[in-house]
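Residue numbers (our numbering), protein chains in the order written: chain X, 101 to 641; chain P, 41 to 330.
Each remark here refers to the structure printed beneath this line.
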C-alpha cells in the first residue's frame, strides 16, 4: 500500500536580499504511513518547519519549492494549483501552529474560529459543526466543553488554547496533521496535559501526524518514527527506540548527549568561614497595580521572598510561568521596584529603583534577558553594542576599547569577524552570546540570567551553560539563574529555590534534588519529559 | 533537472565577500536626480533667469512656447521660464525649511514623550492635540493676517501646523521600540534620556520617519501653494509655483503653458521626493560567513 504522505527528493530554495539563491532543503525523502506519527527533529534552521509546510503546498515568503514531489493521499501538493491546494488544506491535511495565541483572532469567539473550516469547505451545517466541535473539546479533555467555545481567546490559558487549535485542525477530519512545535511555549506541567490530549485524539481517529520539534524527550512520547534533520538534509531515520537507544549518526548522538544533565563536579572550595553574602533579599514584595492600604500592591507577583547568594556561588530559581520568578529578577535589578522588603548587595542596602542606584551598584549587577532578539538593538553592530558599556562604565575609547571588545568576543567564543555584524545577521546562539558578553563588559560581580537558554535548542543551550561555567571559573562571578527548565538549573546551580504563585515553596541543594518535600516541587520535577517513550504513560493522571 | 553541487553556495558567496554593498534602486536615483536639479535651480536662479521676474516682455498674454520665450508668457506677458526658475527658490526653500523644522521638533518631542512617559507624555500629547484641532488653512490665514506675510513667518507657520502630525507619528513608533528589552538594558545601565532617544530609539524608527518626512514635504508644498492661491503666500511680483498656478488660472481655456508648467513643476518635485524616500539605498546585509 502506498504511504499516506510521500515526499520525494524535495528541494526548497530561498532568495537572500542580495539576490543570492540558497538551497535550504536539499533532496529530502520522507514517508508517513496511515495513522503513523513521524517527528522531524533538528536545531533551528535545519528546515524542519519548511518541510512540514510543504505538506500544505506552502513555502514561506522568499522561499520556493524548486523540485521533487510531495504526495498527500495521492495528490502532489507541488504540482497542484493554488485553488486545488486550498481544497485539500483543512480536509486532508491540517496544521497546528507553534503559538496558538498568535494564531487565534482575538476579536472572534473560539467556536466561530474552530468551525470556520467547515464553512469554508461546506462540509456540514453550522449546528452539526458546533456539535462536532464540542465532541472534540471533550476528546481533548478541555474543561467545560459545552461553553468554552463561547469564550474569546484571551479568556483561556495557553495550554487550553493549544488544544483548541488542535480542535480547529481536527474538525475537517484530516488524514494528517502537522504539529509545529505545539508545546514549546508551554510550561512542563501544561505540556504533559497537551501531549496526552494530542496522543489520545490522534490514536482514536487514526490520524497520521508530522510532529516538528527540537525537543527529543517530547518527541519520544508521541512519535512512532523520528527523522533527524540538519542543514536541510536527513541525517538519520529510525523508530523512536532506535533513535533513542541505538543512534548511529554522530549528530543524533550529540543531540542525545545535550539532553543528559551534566552534573557539576565542583570541589568544595573556599567558603570555610561564611562572609557577608553577595546578594541578600529580605522579605521582598513586588507586584502591579495600585497600592493597597497595608502597603502591598493590588496584584502581588512576588510575596515576601527572602534569599541570599554567596560570593562565587549560583542560585537557581525555578517555577512555571506566572510564578513570579521574572518579577523577582526585575525587582532585584531595580527595573520594577519592590514595594516592601530590601535588597542588600555586598552587605549594603541598595535603592529599590535602578534610577536611584549609583553607577557603581548598577555596574556590579547585570541582568541578561531571555530573548536576545529584543535585548540587542537591531540597528547597531556587535561592536557598538559591546563598546557602549565599556565607554559608559569604564570610560574606555579608541584602541583600549577595541582590544577589550576582542577579548570579550574571545571570552564568549565568538569569532572576532562578527564585530561588524548586526544582531539580525547572527544565529540565536550567537545573539545570546553577545547578549551575555554585554553583561560581562561591565565587569560585574553578579549576573542575573532570566531564562537565557529557554529560546535556544538543546545543543546550543548546553553550549551556553558550558560557557557560563567556564566564565565563572575564570572571573569568579555569581549567577542568579532563572528558568523553568529543571535540567538547566540543576547543571549550574549550588542552591535551587522553587517558586509557586509568588511564594518561595522550597529551597534545595543538588543533593536533596532527588527528594523534594513539597507537593508542587514533586509535580514540577515529575513533569520534566524523560528520554523514555513510556514516560508519558507511566505518569499518574 | 540536475542536482546542483553542494559547493554552489560557496561559489556564489565569494562574489560578495569583503565588499560593503549598497543596493541602489534606479527609481530612487531618478527621484534624487530631480530633487538635486531643482535644488541647483533654486540656488542659482538669479544667475540663470533670462528676464527679470517683473519685466513684461511679450505684447501678447498667455503666449505659446516660442524660441525667445521657452515656456510662453503669463497673464501679463511676463516670461514664464524666469518666473518658474525663481519660484523654485520659494517652493523648495520654504517647504524644505518648514518640513525640516516640523519633523525635527515633532520627532524629538515624540521620542521624548514615549521614553519619559507619565505626565510629560500626557501634557505634550494634549497640547499638540489641541494644536492639531485648529484647521490648518484657517490657522495659516489668521497668523499671516495678524503678523503679515514674510518668508520667516511662512516657514514658522507651516512648521507649527505640521508638528503635531510628526509628533503623533514618531511617538506611536517610539512607544513600540521603547517596550523592547534593549531599551530596558540601556535604562538600567543608567543612560541619559538623550542617549536613549538618539542611540536606541531613533535608528529603529528612522525608516518610517523618513517616509513621513517625504509625505509631509508634499503636504507643505501643497499648503504653501494653497496659501499663495489665497494671496497669503509669497507676495508679488515674486511667486512660488502655487501662486503661478493661481494667477494664470485664466489661461486654462486657452491651454496656455503658463498654467500647465508650474503644475508639472509641483508634481515633479513632490513625486520625486516620495520616490527617493521610498527607495533609499539599502545596505546589503547578506554576507557569506567565512
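Cβ atoms here follow ideal geometry from the backbone N, Cα and C, with glycine treated the same way.
As the structure is a computational prediction, the values presented were derived from the model and not from experiment.
Against chain X: residues of the region 237–251 of chain P by CB proximity under 9 Å: Answer set for the region 237–251 of chain P: 239, 240, 242, 243, 244, 246.
- If we count the other Cβ atoms within 10 Å of its Cβ and call it buried at 16 or more, is residue 531 of chain X buried or exposed? In the first chain, counting from the first residue as 1, residue 531 of chain X sits at position 431. It counts as buried.
task = Taking all protein chains shown into account, decide if residue 470 of chain X is buried (16 or more other Cβ within 10 angstroms of its Cβ) or exposed.
result = As a working note, residue 470 of chain X is residue 370 in the first chain. Counting of Cβ neighbours within 10 angstroms places residue 470 of chain X among the buried residues, the total reaching 16 or more.
Looking only at DSSP bridge pairs, what is residue 110 of chain X linked to?
Against the first chain, residue 110 of chain X aligns to sequence position 10. Note: residue 110 of chain X sits in a beta bridge opposite X:128.
Quick test of your reading: residue 317 of chain P and residue 251 of chain P, contact by CB under 8 Å. State the CB separation rounded to the nearest angstrom.
As a position in the second chain, residue 317 of chain P is number 277, starting the count at 1. As a position in the second chain, residue 251 of chain P is number 211, starting the count at 1. Confirmed, about 6 Å.
Considering just the uninterrupted stretch of the beta strand (DSSP E) at residue 207 of chain P, what are its terminal residues? On the second chain, position 167 is the one that residue 207 of chain P refers to. For residue 207 of chain P, there is no enclosing beta strand (DSSP E); the residue is found in the alpha helix (DSSP H) stretching over 191–218.
Segments of 4+ residues assigned as alpha helix (DSSP H) that fall wholly inside the region 298–372 of chain X: Taking only runs of at least 4 residues, the alpha helix (DSSP H) segments lying wholly in the region 298–372 of chain X are 316–322, 340–345, 350–359.
Which residues bound the beta strand (DSSP E) around residue 195 of chain X? Position 95 of the first chain, counted from the first residue, corresponds to residue 195 of chain X. Judged by DSSP secondary structure, residue 195 of chain X falls within the beta strand (DSSP E) whose first and last residues are 193–196.
Check: Just checking my contact of residue 274 of chain X with residue 194 of chain X at CB under 8 Å: how many whole Å lie between their CB atoms?
Finding: Translated into positions along the first chain, residue 274 of chain X becomes position 174. Translated into positions along the first chain, residue 194 of chain X becomes position 94. Going by Cβ atoms, the distance from residue 274 of chain X to residue 194 of chain X rounds to 4 Å, so yes, they are a contact pair.
Worksheet item: Would you call the region 259–266 of chain X and the region 279–288 of chain X touching, i.e. three or more CB-CB distances under 8 Å?
Response: Yes, since at least three Cβ pairs between the region 259–266 of chain X and the region 279–288 of chain X fall closer than 8 Å, the two stretches touch.
**Message:** As a quick exercise: from P:291, P:264, P:162, P:113, pick the residue whose alpha carbon is nearest that of residue 130 of chain P.
**Reply:** As a working note, residue 130 of chain P is residue 90 in the second chain. Here the closest residue by C-alpha is P:264.
Can you give me the C-alpha to C-alpha distance between residue 370 of chain X and residue 539 of chain X, rounded to a whole angstrom? If you number the first chain from 1, residue 370 of chain X lands on position 270. If you number the first chain from 1, residue 539 of chain X lands on position 439. Any reading at residue 370 of chain X must be qualified, since the residue scores a pLDDT of 48, below 50, and its modelled position is unreliable; the value itself is stated next. Rounded to whole angstroms, the gap between the alpha carbons of residue 370 of chain X and residue 539 of chain X is 26 Å.
Output yes if chain P places a C-beta closer than 9 Å to the C-beta of residue 437 of chain X; else output no.
Here residue 437 of chain X refers to the residue found at position 337 of the first chain. At a cut-off of 9 Å between beta carbons, residue 437 of chain X makes no contact with chain P.
Q: Output the distance between the C-alpha atoms of residue 295 of chain X and residue 511 of chain X, rounded to the nearest integer angstrom.
A: As a first step, residue 295 of chain X is located in the first chain; it is residue number 195 there, counting from the start. As a first step, residue 511 of chain X is located in the first chain; it is residue number 411 there, counting from the start. Between residue 295 of chain X and residue 511 of chain X, the C-alpha separation is close to 40 Å.
Point to revise | Complete runs of the beta strand (DSSP E) confined to the region 86–160 of chain P [at least 3 residues] | key: Within the region 86–160 of chain P, no complete beta strand (DSSP E) run reaches 3 residues.
At a CB distance below 7 Å, what residues from the region 90–119 of chain P approach chain X? Give them in sequence order. Listed by position, the residues of the region 90–119 of chain P near chain X (Cβ gap below 7 Å) amount to none.
I'd like the span of the beta strand (DSSP E) that includes residue 465 of chain X, first residue to last. Here residue 465 of chain X refers to the residue found at position 365 of the first chain. For residue 465 of chain X, the enclosing beta strand (DSSP E) covers residues 465–468.
* Asked: With 9 Å set as the bound, which would you pick, yes or no: does the beta-carbon of residue 155 of chain P sit closer than that to a beta-carbon of chain X?
  -> By 1-based counting over the second chain, the position of residue 155 of chain P is 115. Residue contact with chain X for residue 155 of chain P: absent (no Cβ-Cβ distance below 9 Å to any residue of chain X).
Quiz item: Can you list the residues of chain X that residue 67 of chain P reaches, using a CB-CB cut of under 9 Å?
Solution: Counted from its first residue, the second chain places residue 67 of chain P at position 27. Within chain X, no residue comes near residue 67 of chain P; the closest Cβ sits about 17 Å away, beyond 9 Å.
Alpha carbon of residue 223 of chain P to alpha carbon of residue 421 of chain X, nearest angstrom: Reading the second chain from its first residue, position 183 is the one you call residue 223 of chain P. Reading the first chain from its first residue, position 321 is the one you call residue 421 of chain X. Their backbone Cα atoms lie some 23 Å apart in a straight line.
Near-chain A residues of the region 476–510 of chain X (beta-carbon distance less than 9 Å), N- to C-terminal order
Going by chain labels, chain A is absent from the structure shown, which instead holds the protein chains X and P.
Quiz item: Do three or more CB pairs link the region 125–144 of chain P to the region 193–205 of chain P at distances below 8 Å?
Solution: The region 125–144 of chain P, when compared against the region 193–205 of chain P, does touch it at the 8 Å Cβ threshold.
Taking the alpha-carbon of residue 520 of chain X as reference, which of X:513, X:528, X:505 has the nearest alpha-carbon? Within the first chain, the letter at position 420 stands for residue 520 of chain X. If you compare the alpha carbons of X:513, X:528, X:505 with that of residue 520 of chain X, the shortest gap goes to X:505.
Extent of the continuous alpha helix (DSSP H) run through residue 261 of chain P: Here residue 261 of chain P is taken as the residue at index 221 of the second chain, counted from 1. First-last of the alpha helix (DSSP H) with residue 261 of chain P: 242–269.
(message) I need the boundaries of the beta strand (DSSP E) containing residue 607 of chain X, first residue and last residue.
(response) If you number the first chain from 1, residue 607 of chain X lands on position 507. For residue 607 of chain X, the enclosing beta strand (DSSP E) starts and ends at 603–608.
Helix or strand or just coil, what does DSSP make of residue 297 of chain P?
-> As a first step, residue 297 of chain P must be located in the second chain, where it is residue number 257. DSSP places residue 297 of chain P in helix when its eight states are reduced to three.
Task: Residues of its chain near residue 453 of chain X, where Cβ-Cβ distance is below 7 Å and the 5 sequence neighbours each way are ignored - done: The residue labelled residue 453 of chain X in the question sits at position 353 within the first chain. Result list for residue 453 of chain X: 434, 437, in chain order.
*Step through the CB atoms of chain P and report whether any lies within less than 9 Å of the CB of residue 108 of chain X.*
On the first chain, position 8 is the one that residue 108 of chain X refers to. Not an interface residue.
Output needed for residue 164 of chain X: all residues of its chain with C-beta closer than 6 Å, excluding positions within five of it in sequence on either side, in chain order. Looking up residue 164 of chain X in the first chain gives position 64. So the qualifying residues of the chain are 113.
Going by other Cβ atoms of all chains shown within 10 Å of its Cβ, with 16 needed for buried, is residue 254 of chain X buried or exposed? The sequence position of residue 254 of chain X within the first chain is 154, counting from 1. In this structure residue 254 of chain X is exposed. Its beta-carbon is surrounded by fewer than 16 other beta-carbon atoms within 10 angstroms.
Using a Cβ-Cβ cut-off of 8 Å (strictly less than) and excluding sequence neighbours within five positions of residue 42 of chain P, which residues of its own chain qualify?
-> By 1-based counting over the second chain, the position of residue 42 of chain P is 2. Bear in mind that a pLDDT of 41 at residue 42 of chain P, under 50, signals an unreliable position, so the model cannot answer this.
_Rounded separation between residue 338 of chain X and residue 161 of chain X - CA only_ = Taking the first chain and counting its residues from 1, the one referred to as residue 338 of chain X is at position 238. Taking the first chain and counting its residues from 1, the one referred to as residue 161 of chain X is at position 61. A straight line joining the alpha-carbon of residue 338 of chain X with that of residue 161 of chain X spans about 32 Å.
Item to complete: Could you say if the region 589–596 of chain X and the region 378–394 of chain X meet the contact criterion of at least three C-beta pairs nearer than 8 Å?
Response: By the Cβ rule, the region 589–596 of chain X does not count as touching the region 378–394 of chain X, because fewer than three pairs are nearer than 8 Å.
**Study point:** Residue environment, residue 312 of chain X, which counts as buried when at least 16 other CB atoms sit within 10 Å
**Key:** As a working note, residue 312 of chain X is residue 212 in the first chain. Residue 312 of chain X should be labelled buried.
inquiry  = Need the endpoints of the beta strand (DSSP E) that residue 445 of chain X sits in, please.
reply    = As a first step, residue 445 of chain X must be located in the first chain, where it is residue number 345. Residue range 440–445 is occupied by the beta strand (DSSP E) that includes residue 445 of chain X.
Hey, does residue 425 of chain X have any beta-carbon neighbour from chain P nearer than 9 Å? Sequence index remark: in the first chain, residue 425 of chain X carries index 325 (1-based). With 9 Å as the cut-off, residue 425 of chain X does not count as an interface residue toward chain P.
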